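K.L.:
In UniProt numbering, the protein residues as written are 1 to 54. Here a beta-carbon is modelled for each residue, glycine too, at the ideal position from N, C-alpha and C. What you are looking at is a predicted structure, and each value in this text was computed from that prediction instead of being measured. Have a look at this one.
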Amino acid sequence: MDQILLALIDAEYTRHPFYGSRRLVVFLNGQGHGVNRKRVQRLMRILGLAGMAP
């Protein structure tokens with residue numbers, strides 16, 4: 001499950017590098033994955049990602 005989420009987070013972050021964990025949670029929940037913010041933060045940390053300020 002985490003591998004799928006890691007791939008989705010990486011792809012969405014590549015398209016929208018200013019997205020933080022909160023926006024990614026909304027995106028992933030809209031795709032049908034039941035995740036919370038802390039899980040997305042942990043996965044973003046594994047990938048070395050951080051939201052950029054516009």
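1. Can you give me the Cβ contacts of TYR13 inside the same chain, cut-off strictly under 7 Å, excluding the 5 residues immediately before and after it?
2. Ordered along the chain, which non-local residues of its own chain (more than five positions away) have a Cβ less than 8 Å from that of LEU24?
3. Using the three-state DSSP reduction, which class does VAL40 fall into: helix, strand or coil?
4. Would you report the Cα separation of SER21 and GLY32, rounded to the nearest angstrom?
P.N.:
Reading off the structure:
1. TYR19 and LEU49
2. Counting only Cβ-Cβ distances below 8 Å, and skipping sequence neighbours, we find ILE9, GLU12, TYR13, VAL40 and MET44.
3. helix
4. 16 Å
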